[in-house]
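Novice: Numbering-wise, my numbering comes out as the position in the sequence shown, counting from 1, plus 223.
Yeah, the Cβ is synthetic: ideal placement off N, Cα and C, and Gly gets one too.
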Amino acid sequence: MIKINNLTKKYKDKLVLDKVNLQIPSNKISFFVGKNGSGKTTLIDILAGLNKINHGSIQIDNKDARIPYSKSLRKKIFSLPVENISVEYLTAKENLLYYSELFKLKLSDRKIKDILQSYNLFEETDFSVTFSTGMKKRLDLAILDMIAPEIILLDEPSLGLDVYHVDFLRKQILNYKKLGKTVIVTSHDMALSEKIADMIYLFSEKKIIAYNAKDVNSEEIVLESYKDHG
């Protein structure tokens, strides 16, 4: 479980998150929703250990999470930003080899082949291609799969994807949960959150409100936040 206690985050004089108290359950799919600029990506970056807080504390699995993160905590968490993490001039296979070396992973050729095949990327292993937006996302997810973190942070993962790749993404996120992983997603894709979210966290007016996804319509609560605050 991730526990956030009295967290405050500012950028110079701009207050983004104000005295936030929150619990994010393990082995569940949680969606961060709300307006642009409401602090969703900021909190993702904080949880990934990429952004410091001004006040408060964070505990991950009952251990204090302080920047710089410990080696064990860095291994536990992986964040996929909006921008693709794959290296454009490398093939799909070369990208996996690059990240396996970066993360000091010892993987057999068979394992790498299996990962590429499971993400429908095996045909692109031995030559450079111009990857479509969907192919880039599949490659990013293949890299994530290879690294195998316990906590997965996805920032706007469905952005720019066609219907096929949104469905592919949906299935992968559900599979992460089946494997016992904790998944946190920022998204404006309310249809996706309605299908797979266990928890919805609405970012509004520098605060965060938690909802059980079974009890609310995520699109309605986001629209209501716009109505209330302009």
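Determine which residues share a DSSP beta bridge with His-278 and list them.
Specialist: DSSP lists Thr-231 as partners of His-278.
Novice: For Phe-345, does the three-state DSSP call read helix, strand or coil?
Specialist: Phe-345: helix per DSSP, three-state reduction.
Novice: If distances are taken between C-alpha atoms only, which option among Glu-373, Asp-284 and Lys-359 comes closest to Lys-299?
Specialist: When only C-alpha atoms are compared, the closest one is Glu-373.
Novice: Between Asp-363 and Leu-303, is the Cβ-Cβ spacing less than 7 angstroms?
Specialist: In this structure, Leu-303 lies closer than 7 angstroms to Asp-363 by Cβ.
Novice: Please give the ranges of any alpha helix (DSSP H) in the stretch 403-437, keeping only runs that are unbroken, at least 4 residues long and fully inside the region.
Specialist: Counting whole runs of 4 or more residues, the stretch 403-437 contains the alpha helix (DSSP H) stretches 413-419.
Novice: In three-state terms, what does DSSP make of Ser-302?
Specialist: Three-state DSSP puts Ser-302 in a strand.
Novice: Return helix, strand or coil for Asp-468, following the three-state DSSP convention.
Specialist: Residue 468 lies beyond the residue range present for the chain, which begins at 224 and ends at 453; the question has no answer from this structure.
Novice: Grab the span of the alpha helix (DSSP H) containing Lys-316 for me, first residue to last.
Specialist: Where Lys-316 is concerned, the enclosing alpha helix (DSSP H) stretches over 315-325.
Novice: Between which two residues does the beta strand (DSSP E) containing Lys-242 stretch?
Specialist: Residues 237-247.
Novice: If we count the other Cβ atoms within 10 Å of its Cβ and call it buried at 16 or more, is His-388 buried or exposed?
Specialist: Flag for His-388 reads buried.
Novice: In chain order, what residues of the same chain lie with their CB nearer than 6 angstroms to the CB of Ile-308, ignoring the 5 residues before and after it?
Specialist: Asp-363, listed in sequence order.
Novice: Who are the near neighbours of Tyr-322 in its chain, counting only those whose CB is closer than 6 angstroms to its CB and skipping five residues on each side?
Specialist: Excluding sequence neighbours, Tyr-322 sits near Ile-366.
Novice: Bridge partners for Asp-287 per DSSP, in chain order?
Specialist: Looking at the DSSP assignment, Asp-287 forms a beta bridge with Gln-282.
Novice: Taking the beta strand (DSSP E) that Ile-267 belongs to, which residues open and close that run?
Specialist: Careful: Ile-267 lies outside any beta strand (DSSP E), inside the alpha helix (DSSP H) at 263-270.
Novice: Would you decide whether Ile-290 is buried or exposed? Buried here means 16 or more other CB atoms lie within 10 Å of its CB.
Specialist: Answer is exposed; the Cβ neighbour count stays below 16.
Novice: Quick one: any contact between the stretch 394-407 and the stretch 434-445, if contact means 3 or more CB pairs under 8 angstroms?
Specialist: The stretch 394-407 vs the stretch 434-445: no contact.
Novice: Count the other C-beta atoms from every protein chain shown that fall within 10 angstroms of the C-beta of Arg-361, then say buried if there are 16 or more, exposed otherwise.
Specialist: Per the 10 Å Cβ criterion, buried.
Novice: Taking Met-369 and Leu-415 to be in contact with their CB atoms under 8 angstroms, please state how far apart those CB atoms are, rounded to whole angstroms.
Specialist: Not quite, the Cβ-Cβ distance comes to about 24 angstroms (not below 8 angstroms), so this is no contact.
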